[in-house]
């Protein structure tokens, strides 16, 4: 809802919508509230105002009486009240830190939810994305912070102790802690999601068992914080340690009970030898995600004229297409994460420990590239219509943005030639100097065993 602070008077109607068609701008039946806000300046005049009476019943209201907006993802006109803030670059990857180029309010709530689960979700919850971040996050860890955490590393499903009803997933903590998560199996749509269906986990939070591997207090504290942050709502149990001052109202671990004992016996039955792990990997996890961010950023840069182009329509088709064979027939330009990239480009354009996003036009295409914290990259053409950017001189040389979720930092846009000059040492950029100053020297990590430090 857009509120203009020029008049405080408002009228609120409660209406019953009946038999609205599914494809129309309104969906029913159901109740909804329409805030009607004045958006005019108040002034004195003797001229008579045009008479326009407010509707007195639901029967007098037509869809045209309700202000609507067109969703850039589904292209349907919907009431403005159904729109919400969409983080084009996902919030969990640092999207809330980004500037307005990476946010939009032209996405309806339904598309926002669907994208989070089925377009952003496969990429965010993919094995390579998670484990890349888990390793790269150490670059910007704050050693003396009491609230610092690190992502866990996913190892796979432990087949030997999984059943037809439940599975056990294995994770590693910051110092190699063994973490076992038991939860119900989900349907096949979520087989490549680490942790399974994120919606189902809200109710079926599961049971988590932790075995520590380090004896240094610093590593133990970091491990416990990181595991709690990852499994915030799950019931947690200790396998080889106790916490003497655990908080009664919010304990890290619970007392081993009748539910936990059978799980613990299963874990102990694994022994200390090699274990067989299974995992499913979606090798196209980034495809729909890249099409989505290309369409949304394209609209932010070029407006509705961009949406009217055939290529923007192809991006929309690609972001919603679930069948990989049909998706491969959509005429888009780009390369995927699993394709071997240019090592020189990786060295120049990736920023160790952060996401780098590059916008780069050339003669006939406008390119969008995303580099992960470990340098893996995906590329897609955002547009093939040069008339959209021909007059936008600020974009001609390309721009780069750096998103650093671990340090909660965002930098950009930086002209690409200034960024390359900094990376190659030709000249230094102040904002990039600051980021480099936040990077942790790995030699400062304490030893994992207390005895090594005191020796």
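Numbering (the numbering used here), first residue to last: 17 to 471.
No residue lacks a Cβ here, since even glycine has one placed at the ideal position from N, Cα and C.
It should be emphasised that the depicted structure is a prediction, and the values quoted were computed from it without experimental measurement.
For the options 331, 301 and 269, the alpha carbon positioned closest to that of residue 315 is the one of 331. Take residue 234, set aside five residues on each side of it, and the residues of its chain with a beta-carbon closer than 7 Å to its own are 462, in chain order. Note: residue 274 is not bridge-paired with any residue in the DSSP secondary-structure output. Residue 230 sits in coil when the DSSP states are folded into three classes, being neither helix nor strand. As DSSP reads the structure, residue 268 sits in no beta bridge. Secondary structure remark: continuous beta strand (DSSP E) runs of at least 3 residues inside the segment 185-228, in chain order: 194-200 and 223-227. Taking residue 84 as the centre and dropping the five residues before and after it, the same chain places the C-beta of 41, 93, 94, 95 and 96 closer than 7 Å to its C-beta, in chain order. Secondary structure at residue 89: coil, using DSSP grouped into helix, strand and coil. Rounded to whole angstroms, the gap between the alpha carbons of residue 203 and residue 442 is 53 Å. With a minimum length of 3 residues, the unbroken runs of beta strand (DSSP E) contained wholly in the segment 372-438 fall at 382-387, 393-399, 415-420 and 425-431. Going by DSSP, residue 130 is part of the alpha helix (DSSP H) stretching over 125-134. Taken through DSSP and simplified to helix, strand or coil, residue 335 comes out as helix.
For residue 308, the closest of 412, 453, 163 and 397 by C-alpha to C-alpha distance is 397. Beta bridge pairing from DSSP links residue 350 with 396.
Under the three-state reduction of DSSP, residue 182 is assigned to strand. As DSSP reads the structure, residue 99 sits in a beta bridge with 124. Scanning the segment 150-174 from its first residue to its last, the whole beta strand (DSSP E) runs of 3-plus residues come out as 169-174. Residue 368 places its beta carbon less than 9 Å from that of residue 391. One Cα belongs to residue 362, the other to residue 421, and the distance between them is close to 20 Å. Remark: C-beta atoms of residue 140 and residue 312 do not approach each other more closely than 9 Å. Counting along the chain, residue 303 sits inside the alpha helix (DSSP H) bounded by residues 303-318. Remark: C-beta atoms of residue 302 and residue 108 do not approach each other more closely than 9 Å. DSSP, reduced to helix, strand and coil, places residue 241 within a helical segment of the structure shown. For residue 324, there is no enclosing beta strand (DSSP E), as DSSP gives it neither H nor E. The three-state secondary structure of residue 94, taken from DSSP, is strand. In this structure, DSSP gives residue 250 a state outside helix and strand, which the three-state scheme calls coil. Close CB contacts of residue 164 within its chain, under the 8 Å cut and outside five residues either way in sequence, are with 157, 158, 238 and 241 (chain order). For a cut-off of 8 Å, the C-beta gap from residue 114 to residue 427 is around 10 Å, too long to register as a contact. The straight-line gap separating the alpha-carbon atoms of residue 434 and residue 287 is approximately 55 Å.
One thing to note: residue 207 has its Cβ no nearer than 9 Å to the Cβ of residue 168. For residue 450, the enclosing alpha helix (DSSP H) covers residues 446-454. With the rule of 3 Cβ pairs closer than 8 Å, the segment 212-224 does not count as touching the segment 261-268. In the three-state DSSP reduction, residue 440 falls in the helix class (H, G or I). With contact defined as three or more Cβ pairs closer than 8 Å, the segment 248-258 and the segment 270-285 are in contact. Apart from sequence neighbours up to five positions away, the residues of its chain that approach residue 173 with a beta-carbon distance below 6 Å are 183, 185 and 294, ordered along the chain.
Taking the Cβ atoms as the reference, residue 402 lies roughly 17 Å from residue 415, outside the contact range of under 8 Å.
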